[in-house]
Structure formats: C-alpha cells, structure tokens
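To convert, take the position in the sequence shown, counting from 1, and add 21; that gives our numbering.
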Amino acid sequence: MNEAEIEQRKIALSKCGGVCEVCGKQLTNSTWQGAHRIANTKPNRAKWGDFVIDHPENIAIVCSLKCNHVCNIGYNPGECLRLIKKIVEKELQKFPEEA
Ligand SMILES: [Zn+2]
22 MNEAEIEQRK IALSKCGGVC EVCGKQLTNS TWQGAHRIAN TKPNRAKWGD FVIDHPENIA
82 IVCSLKCNHV CNIGYNPGEC LRLIKKIVEK ELQKFPEEA
C-alpha cells in the first residue's frame, strides 16, 4: 500500500463512523475491508460501467469476508438500479439546475 492508498483508507473509515456497515462491529485501520455492492467483475464493468463499479457509494466498509458477502447485490436488479439512482442523484448535486 502506498501513501495515497493509506490516506484513502483513512477517509473511507472515518466516513462510515468507524463501524462495520453490516454488523456494527468496531473497525480499526487494519481490520476493515471495502466490499463492492455490485461486484468488481468484467461482466459487471461491461454492464454498469467503471463509473458505477468504482464509485464510493458502491463500496461498503465492512469487518470481514462474511459481512462482505452480505453486501453483494449484483444478483438483485432492483437493488442495483436503486444504488445507481443514488449514485446519479449524488453526482447530479454537483450540477445544480439553472433556476
Ligand atoms: Zn461486520
């Protein structure tokens, strides 16, 4: 891990309040992992695009592989679309509509 990655991990950890998104367990800098909600696979990248797969909203902060698996929504089209709606709405805030 390089300096930038360590810094990224710190930011991600502070964003989730330092606890596992699934089970609420306290996390430390060394124990947590990022879980892709829509899995980071070639077919998913082809279907949804890098923008969605790499978006922070697509990454859940969890404590273990077990909690990691719970976050996977790739098999559920409705959940995928809801996540993408959330990502689009979040990104749209950067571009306010003219009054
Ligand atoms: Zn957990």
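Note that beta-carbon positions come from the ideal geometry of N, C-alpha and C, so glycine has one too. Note that the structure is a prediction, hence the values are computed from the model and not measured.
State the DSSP-derived secondary structure class of residue 54, mapped to helix, strand or coil. strand
How big is the Cα-Cα spacing for residue 31 and residue 50? 7 Å
Of the residues 84, 73, 68, which one's Cα is nearest the Cα of residue 107? 73
Taking the runs of the alpha helix (DSSP H) that are 4 residues or longer, which of them lie wholly in the segment 61-111? 63-69, 71-74, 86-91
Distance, residue 81 Cα to residue 70 Cα: 18 Å
Using only Cβ atoms and a threshold of 6 Å, which residues come within that distance of a heavy atom of ligand 1? Order them by chain position. 41, 43, 44, 46, 83, 84, 85, 88
Please return the same chain residues whose Cβ sits closer than 7 Å to the Cβ of residue 78, not counting the five positions on each side in sequence. 104, 107, 108, 111
Assign residue 114 to one of three DSSP states: helix, strand, or coil. coil
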